[in-house]
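Residue numbers (this note's numbering): 2 to 272.
By construction, the Cβ of each residue, glycine as well, lies at the ideal position given by its N, Cα and C atoms.
Remember, predicted model here, so these are calculated numbers, not experimental data.
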């Protein structure tokens with residue numbers, strides 16, 4: 002049976018074209034000299050220079066990066082801890098409720114999540130700003146990290162931990178020196194996923210952001226409502242480049258970590 006037929010090739014081509022052709026067009030028109038985004042007037046990089054002079058976009062980008070870094074880091078720590086409890090703690094009282102609370106944001110509409118968090122912050126008297134956005138993004142991103150790390154812990158060979166414990170390691174030392182390095186690719190993938198989700202979020206951020214903290218998606222959405230400008234195309238191109246570099250870097254790191262793990266396991270088996 003042939004794996005690649007004309008039908009499969011055509012379907013893949015149309016599918017990838019549907020997904021990526023709009024991005025390619027956006028990148029091309031980010032170098033358009035004309036102010037009209039639909040009329041090509043020649044190659045130019047002036048809109049990137051104009052973007053670098055736009056204080057509103059630069060401030061929003063800085064807020065977005067801060068929120069993404071802090072929220073993804075917190076989400077990775079909490080999500081890894083939650084995954085470890087779900088996989089290693091076995092049956093305990095309240096496990097069903099705990100797992101339901103961890104996975105609820107996966108299926109909860111973002112409007113409901115954002116509104117509930119807004120009411121919570123108002124109820125406790127917390128002014129909306131960078132802190133509230135970080136807390137909101139951590140809340141919904143940690144469940145994605147938990148899913149990624151849990152899938153790695155399920156297939157983890159616990160005999161390695163038991164060997165470390167038999168050799169005198171404490172449970173914390175066994176986790177830090179044995180478990181964490183092995184599940185590091187999953188942890189890194191979870192962090193990158195949480196970072197991307199935070200970078201892209203609009204709905205939850207619009208509920209939890211205040212006048213002093215406007216994220217880039219909110220700023221772009223507000224600007225697009227008045228019409229698409231070439232600066233937005235340039236900004237979108239930069240974001241696409243950053244995400245592409247991040248994905249490629251993460252893939253290379255994960256591949257190197259997997260190869261190193263295989264070499265270590267083969268060396269241990271020979272020894």
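**Q.** Within 8 angstroms, strictly: CB atoms of residue 238 and residue 31
**A.** Yes; because the gap between Cβ atoms is below 8 angstroms, this pair is in contact.
(Q) Based on DSSP bridge pairs, tell me the residues matched to residue 44. (A) 33.
Q) If you run the structure through DSSP and keep just helix, strand and coil, what is residue 125? A) Three-state result, residue 125: coil.
Q.
Let me make sure I understand the geometry here. Which of 164, 37, 196 has the alpha-carbon closest to that of residue 247?
A. Residue 196 is the option with its Cα nearest to residue 247.
Q. Which residue comes first and which comes last in the alpha helix (DSSP H) that contains residue 102?
A. First-last of the alpha helix (DSSP H) with residue 102: 96-108.
Q: May I have a chain-ordered list of the alpha helix (DSSP H) segments no shorter than 4 residues that lie completely inside the region 154-201?
A: Assignment of alpha helix (DSSP H) within the region 154-201, counting only whole runs of 4 or more residues, yields 159-167, 172-175, 181-201 in chain order.
Q: Consult DSSP for residue 71 and reduce its assignment to one of helix, strand or coil.
A: Reduced to three states, the DSSP call for residue 71 is helix.
Q) Are residue 151 and residue 107 touching if we call contact CB-CB under 8 angstroms? A) No, Cβ-Cβ distance for residue 151 and residue 107 is not below 8 angstroms.
**Q.** Continuous alpha helix (DSSP H) stretch holding residue 209: start and end
**A.** Bounds of the alpha helix (DSSP H) holding residue 209 are 204-209.
Q.
Using 8 angstroms for Cβ pairs, my map puts residue 154 next to residue 85. What's the rounded Cβ distance?
A. Their Cβ separation, rounded to whole angstroms, is 7 angstroms, which keeps residue 154 and residue 85 in contact under 8 angstroms.
Q | Alpha-carbon to alpha-carbon, residue 12 and residue 63 | A | When rounded, the distance between both Cα atoms is 40 angstroms.
Q. Does the beta-carbon distance from residue 235 to residue 143 come in below 8 angstroms?
A. No, the Cβ-Cβ distance between residue 235 and residue 143 is not below 8 angstroms.
Q | Inter-residue spacing [alpha-carbon to alpha-carbon] between residue 73 and residue 7 | A | Going by the C-alpha atoms only, they are around 42 angstroms apart.
Q) Using 8 angstroms as the threshold, is the region 96-105 in touch with the region 189-207, meaning 3 or more CB pairs across them? A) These segments do not touch.
**Q.** Backbone secondary structure at residue 214 - three-state DSSP
**A.** Three-state DSSP puts residue 214 in coil, outside helix and strand.
Q: Evaluate contact between the region 118-133 and the region 208-219, counting only Cβ atoms and requiring at least three cross-stretch pairs below 8 angstroms.
A: These segments touch.
Q | residue 41 burial status per 10 Å Cβ neighbour count (16 or more: buried) | A | The residue in question, residue 41, is exposed, as its Cβ has fewer than 16 Cβ neighbours within 10 Å.
Q. Rounded to whole angstroms, how far is the Cβ of residue 1 from the Cβ of residue 259, which I believe are closer than 8 angstroms?
A. Within the shown structure, residues of the chain are numbered from 2 to 272, placing residue 1 beyond reach of any answer.
(Q) Residues in the same chain with beta-carbon distance under 6 angstroms from residue 39, minus the five sequence neighbours each way, listed in chain order, please. (A) For residue 39, where only same-chain residues beyond five positions count, there are no Cβ hits under 6 angstroms.
Q. Mind checking residue 48: buried by the 16 CB within 10 Å criterion, or exposed?
A. Residue 48 comes out buried.
Q) Run through DSSP, which three-state label would residue 230 get? A) Coil, per DSSP.
Q.
If distances are taken between C-alpha atoms only, which option among 24, 61, 51 comes closest to residue 219?
A. Of the listed residues, the one whose Cα sits closest to residue 219 is 61.
Q) With a CB to CB cut of under 6 angstroms and the five nearest residues on each side skipped, what residues in its chain are close to residue 177? A) Answer for residue 177: no residue qualifies.
Q | C-beta atoms of residue 24 and residue 241 nearer than 8 angstroms | A | In contact: residue 24 and residue 241 (Cβ atoms closer than 8 angstroms).
Q) Pick from 229, 137, 180: whose alpha carbon is nearest that of residue 157? A) Nearest C-alpha to residue 157: 180.
Q | Expected contact under 8 angstroms - CB spacing of residue 209 and residue 146 to nearest Å | A | The Cβ separation is near 20 angstroms, so there is no contact.
Q: Could you check which residue in 224, 135, 271, 232 has the C-alpha nearest to that of residue 205?
A: That would be 135, whose Cα lies nearest to the Cα of residue 205.
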